[in-house]
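What follows is a short report on a single structure.
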Amino acid sequence: MIKNKLKFILFIIAISGVFNAYSQYYDFGFYRNDSVKFINLNSQELKYPWIGGLNSCQFFEVDIDQNGVDDLIVFDKHGGRIIPFLKYNLCGLQDFIFAPQYKEVFPKFESWVQSHDFNMDGQKDIFTYTTAGIKVYQNVSDGEEFKLKLHSPRLNSDYGGNMEVNLFCLSEDYPAIADIDGDGDLDILNFWTLGMYMDYHKNVSIENYSDLDSLKFKLETRCWGYFSEHEDSNILYLDDDCNGLASIQDRNYRHAGSTMLAYDFNNNGIMDLLIGDVDFPQLFLLENGGTADSAYIIRQDTLFPSADKPIRLYSMPAPALIDVNFDGLLDLVVSPFDPSLDKAENKNSVWVYHNVGTNEVPEFEFITDNFIQGESIDFGGGAYPVLADINGNGLLDMMVGNWGEYDSSKHIGFILHSYYSSSISYVKNIGDTQMPEFQHVDDDVGDLRQHALLGLYPALGDIDNDGDLDLIVGQSDGSIIFLENIAGPLQEPQFAQAEFLYQNIDVGEYSAPVLFDLNRDGKLDLIIGNRKGKLSYYENTGTAENPIFTLITDFLGEVDVRDYNESYFGYATPTFYIKNDTTHLFVGSEKGNIYHYRNIDNNLDGAFELETDKLVFTRGNNNITIDEGIRTAVALADLNKDGFPEIIVGNYCGGLAYYSGSIPPIYDVGIENNTLENDEVIIYPNPFRTKFKISGIESSFVDNVEIFDISGRLIKAQKNIDLIDMQGNKSGLYFVKINFRNGQSIHKKVHKLD
2 MIKNKLKFIL FIIAISGVFN AYSQYYDFGF YRNDSVKFIN LNSQELKYPW IGGLNSCQFF
62 EVDIDQNGVD DLIVFDKHGG RIIPFLKYNL CGLQDFIFAP QYKEVFPKFE SWVQSHDFNM
122 DGQKDIFTYT TAGIKVYQNV SDGEEFKLKL HSPRLNSDYG GNMEVNLFCL SEDYPAIADI
182 DGDGDLDILN FWTLGMYMDY HKNVSIENYS DLDSLKFKLE TRCWGYFSEH EDSNILYLDD
242 DCNGLASIQD RNYRHAGSTM LAYDFNNNGI MDLLIGDVDF PQLFLLENGG TADSAYIIRQ
302 DTLFPSADKP IRLYSMPAPA LIDVNFDGLL DLVVSPFDPS LDKAENKNSV WVYHNVGTNE
362 VPEFEFITDN FIQGESIDFG GGAYPVLADI NGNGLLDMMV GNWGEYDSSK HIGFILHSYY
422 SSSISYVKNI GDTQMPEFQH VDDDVGDLRQ HALLGLYPAL GDIDNDGDLD LIVGQSDGSI
482 IFLENIAGPL QEPQFAQAEF LYQNIDVGEY SAPVLFDLNR DGKLDLIIGN RKGKLSYYEN
542 TGTAENPIFT LITDFLGEVD VRDYNESYFG YATPTFYIKN DTTHLFVGSE KGNIYHYRNI
602 DNNLDGAFEL ETDKLVFTRG NNNITIDEGI RTAVALADLN KDGFPEIIVG NYCGGLAYYS
662 GSIPPIYDVG IENNTLENDE VIIYPNPFRT KFKISGIESS FVDNVEIFDI SGRLIKAQKN
722 IDLIDMQGNK SGLYFVKINF RNGQSIHKKV HKLD
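Going by the numbering used here, the sequence shown wraps up at 755, each residue one higher than the last.
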């Protein structure tokens with residue numbers, strides 16, 4: 002950590018020297034830190050704790066580190082996240098290594114992603130969904146750096162009569178992309194617009210252009226395999242003569258999604274098909290008894306891959322064939338693909354079957370239902386963290402709520418209904434003040450799971466002034482639950498029976514509370530985010546011992562975190578942090594952006610200043626937006642006592658990401674608009690022994706001065722620039738950051754003598 006901070010300090014000094022000017026800095030700096038230990042309920046230290054959870058995932062392979070070995074990439078449909086893992090296989094040591102530094106080498110994906118080498122150059126390319134179709138990125142890596150280039154913004158197909166239009170694909174469909182006819186290029190199988198029958202789009206690039214680069218397709222048949230889907234279930238009819246094609250357009254037919262994978266499972270030289278259907282938990286294996294040019298499905302295995310352990314994974318399982326145990330054989334990895342956020346399994350949702358046969362005739366044996374999930378923090382659906390010293394030992398612990406953990410599913414009519422229950426977890430900090438370490442010790446604080454609630458969102462504060470932290474909980478119906486901590490000071494928490502509809506507070510839907518003394522009167526107030534993306538402010542008009550929360554405004558600070566390009570909802574999740582006696586507000590959102598607001602103190606009736614709607618972290622010299630998926634929730638606190646707050650980010654996939662605090666980075670470097678040269682500001686004496694002064698600037702322009710040591714630790718902060726007293730501090734090099742009221746700052750260095 003010290004090395005990284007020193008590098009950044011030297012970078013700042015270099016920038017200052019080159020531009021001879023001052024630059025604007027963020028208020029906070031962060032860098033990703035995946036090394037913080039986390040121990041689960043089973044006392045197992047997790048291998049990949051901070052990957053952010055997994056819900057509905059697809060798995061594919063590309064060589065991202067250019068070492069000649071394809072790596073494992075996970076795409077989680079719930080939030081569009083890429084989670085990369087390097088394949089490590091050296092001297093008998095084999096494992097997957099989480100590699101978040103490769104997330105940004107991929108473009109943003111939507112709905113689904115697959116990797117296939119369409120031009121047979123030895124590098125897997127990317128096929129992914131685009132509006133009503135399929136988009137292709139070509140892998141143009143050079144052996145040193147992984148690179149993708151947009152090859153086809155939307156694939157076209159000849160539908161007959163010289164009518165070449167987009168090769169239609171629903172976002173709810175996961176197509177089969179493989180060499181169906183055995184001619185050496187990639188073809189595509191997909192259900193056509195109204196479903197029921199399978200379209201076969203033949204790749205005619207070789208026939209028409211004598212190369213593989215063109216990706217030209219022709220609709221060969223609308224009834225590949227001669228089978229059809231039932232209108233209202235996942236039942237498949239074989240030996241269908243396809244006469245229904247003529248009448249299907251007159252029906253009110255429901256086809257809202259299927260998953261497909263083509264592979265020759267019995268080594269007869271022709272492609273079979275795995276198929277799953279929306280709202281159902283099975284994968285069916287369709288055996289092809291036709292020819293490469295004319296498929297004919299002759300039987301279906303509804304207990305695939307084995308009668309002992311068939312796939313039963315709600316909902317709409319998507320398969321992938323990938324070697325996950327390093328034995329050279331293709332294993333079966335399955336995870337839900339259902340487009341809905343409230344139908345799929347979300348805790349044990351990545352099933353793996355090892356191939357104990359051969360690649361020519363695979364035989365699958367069930368291994369686990371939580372591949373990677375079991376080695377990571379995963380609270381099911383949603384993760385809402387809050388940091389506080391819960392047991393009074395001087396270390397900051399966590400409470401984490403969730404939207405809900407999957408319980409069961411059933412069909413009512415032909416519609417799938419899935420059921421979830423929310424809970425709150427207690428995660429204890431068992432590290433020390435310099436290095437936190439977390440252990441999950443309770444997954445149902447207050448026994449709330451029994452009530453089958455959704456969206457439990459915790460807030461902690463001593464609202465009865467008895468020396469321990471009480472628990473306020475939001476939920477999906479917008480009301481508040483109160484659980485009094487009756488343990489007393491310096492004890493592990495013990496909560497009384499839950500009080501529902503606390504003080505009749507109701508903010509609509511999805512209340513996300515935080516306890517914070519907003520008006521600085523010595524009493525904890527209640528600020529609550531909601532589904533609309535706004536904040537309600539309830540002032541404590543009672544006492545510190547007997548709070549009365551009175552609604553002051555339901556549009557605090559004019560905060561609104563909705564993004565109408567994504568949704569009409571915002572799912573605001575607020576938290577506050579005080580830096581140098583100044584209040585800052587951070588708000589998670591439906592889209593996942595983390596909003597940072599300033600100008601809060603003495604402005605509770607006005608509009609807060611939006612500093613940024615995309616909080617960033619630093620990697621090297623680059624500022625990168627913190628992107629942890631949808632419905633984020635954040636907790637900030639200085640967990641290692643270095644003067645910089647850490648931020649823990651939860652998301653809808655039920656996981657957490659950990660970012661350590663660091664020196665705030667530059668976000669605007671330049672000399673065009675600068676009015677003050679760096680050399681106009683003078684520190685004297687320099688070197689100094691006990692005190693120094695700053696001159697050359699008008700003190701009324703300055704917000705504050707911050708002093709950092711060589712490790713990047715904040716040593717001192719003050720408003721007055723006339724005299725800085727450093728008595729008692731060690732000799733050595735220090736960095737002075739002068740923050741101006743207009744948001745800009747300059748940096749100087751100063752040397753203290755013995």
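Ideal Cβ placement from N, Cα and C applies to all residues, glycine included. Just so it is clear, the structure is predicted and the values come from calculations on it, not from any experiment.
#### Entry: Close Cβ partners of K224 (< 8 Å) along its chain, the five nearest in sequence each way excluded
In the sequence as displayed, the identity of residue 224 is Cys instead of Lys. Around C224: Y198, M199, D241, C243, L246.
### Message
Quick check on T129 - is its C-beta less than 8 Å from some C-beta in chain B?
### Response
Reference to chain B is not applicable here, since this structure consists of a single protein chain.
### Query
What is the DSSP secondary structure of R1, counted as helix, strand or coil?
Any answer about residue 1 is impossible in this case: the structure gives the chain only from 2 up to 755.
### Task
Report yes if the C-beta distance between L502 and S480 is below 8 Å; otherwise report no.
yes
### Whole-angstrom distance between P340 and Q422, CA atom to CA atom
The question names Gln, yet the displayed sequence has Ser at residue 422. S422 and P340: Cα-Cα distance of roughly 20 Å.
### Task
Measure the C-alpha to C-alpha separation of G375 and I52 and round it to an integer number of angstroms.
12 Å
### Task
Just the C-alpha distance for D463 and D398, rounded to the nearest angstrom, thanks.
15 Å
### Task
With DSSP collapsed to three states, give me the class of N531.
coil
### Message
Using C-beta distances below 7 Å, list every residue in its chain close to Y315, excluding the 5 sequence neighbours before and after it, in chain order.
### Response
P282, P337, K344, A345, E346, S410, S419
### Query
Using DSSP with H/G/I as helix, E/B as strand and the rest coil, what is I416?
strand
### Query
By DSSP, does K592 sit in helix, in strand, or in coil?
coil
### Query
From S116 to F128, what does the alpha carbon distance come to, in whole angstroms?
6 Å
### L55 vs C654 beta-carbon contact at 8 Å
yes
#### Entry: the region 101 to 114 in contact with the region 130 to 138 per 3-pair CB rule at 8 Å
yes
### Query
By how many angstroms is the C-alpha of L239 removed from the C-alpha of Y297?
Rounded to whole angstroms, Y297 to L239 spans 9 Å at the Cα level.
### Query
Mind checking whether M1 and L190 have CB atoms under 8 Å apart?
No information on residue 1 is available, as it lies outside the stretch 2 to 755 that the chain covers here.
### Message
Let me check understanding here. Comparing Cα to Cα, which of Y175, D118, K203, F709 lies closest to N157?
### Response
K203
### Task
Have a look at A658, I695, G729, D465 and flag the residue whose alpha-carbon is nearest the alpha-carbon of K524.
D465
### Query
With respect to the beta strand (DSSP E) encompassing E500, which residues constitute its N-terminal and C-terminal limits?
Note, E500: premise wrong, no beta strand (DSSP E); not H, not E.
### Message
Determine whether the beta carbon atoms of S307 and L216 lie at a separation below 8 Å.
### Response
Cβ atoms of S307 and L216: not closer than 8 Å.
### Query
Out of curiosity, what's the CA-to-CA distance linking E540 and K720?
29 Å
### Query
Residues in its own chain within less than 8 Å of R313 by CB, not counting five upstream and five downstream?
P282, Q283
### Query
When we look at the beta-carbon of Q45 and count the other beta-carbons within 10 Å, is it buried (16 or more) or exposed?
Residue environment for Q45: exposed (fewer than 16 other C-beta atoms within 10 angstroms of its C-beta).
#### Entry: P206, enclosing alpha helix (DSSP H) - first and last residue
Residue 206 is actually Ser in this sequence, not Pro. 206 to 210 is the span of the alpha helix (DSSP H), which, as asked, contains S206.
### Message
Just verifying my parser: in three-state terms, what is the DSSP assignment at N505?
### Response
helix
### Task
Please list the segments of the beta strand (DSSP E) lying wholly inside the region 382 to 408, counting only runs of 3 or more residues, in order along the chain.
385 to 389, 398 to 402
### As assigned by DSSP and simplified to three states, the class of F702
helix
### Query
From what residue to what residue does the beta strand (DSSP E) around H79 run?
No beta strand (DSSP E) contains H79, which DSSP labels as neither H nor E.
### Query
What are the boundary residues of the beta strand (DSSP E) that I52 is part of?
In this chain, I52 is not harboured by any beta strand (DSSP E), its DSSP state being neither H nor E.
### Task
Within the same chain, show all residues whose beta-carbon is closer than 7 Å to that of V106, passing over the 5 residues directly before and after it, in chain order.
Within the same chain, V106 has close Cβ partners I65, F147.
### Euclidean distance between Cα positions of N349 and W404
16 Å
### Query
Going by the CB atoms, is the gap between V682 and V706 shorter than 8 Å?
no
### Message
If the criterion is Cβ atoms closer than 8 Å, does the pair I722 and I716 meet it?
### Response
no
### Task
Using only alpha-carbon positions, find the residue among G543, K533, L151, Q504 that is nearest to D522.
G543
### Query
Roughly how far, in whole angstroms, is the beta-carbon of P311 from the beta-carbon of L275, given that I think they are within contact range, below 8 Å?
Incorrect: roughly 12 Å between the Cβ atoms, too far for contact.
### Message
Taking the alpha carbon of F266 as the reference point, which residue from H231, E364, E208, R300 has its own alpha carbon closest?
### Response
Ranking H231, E364, E208, R300 by Cα distance to F266 puts E364 first.
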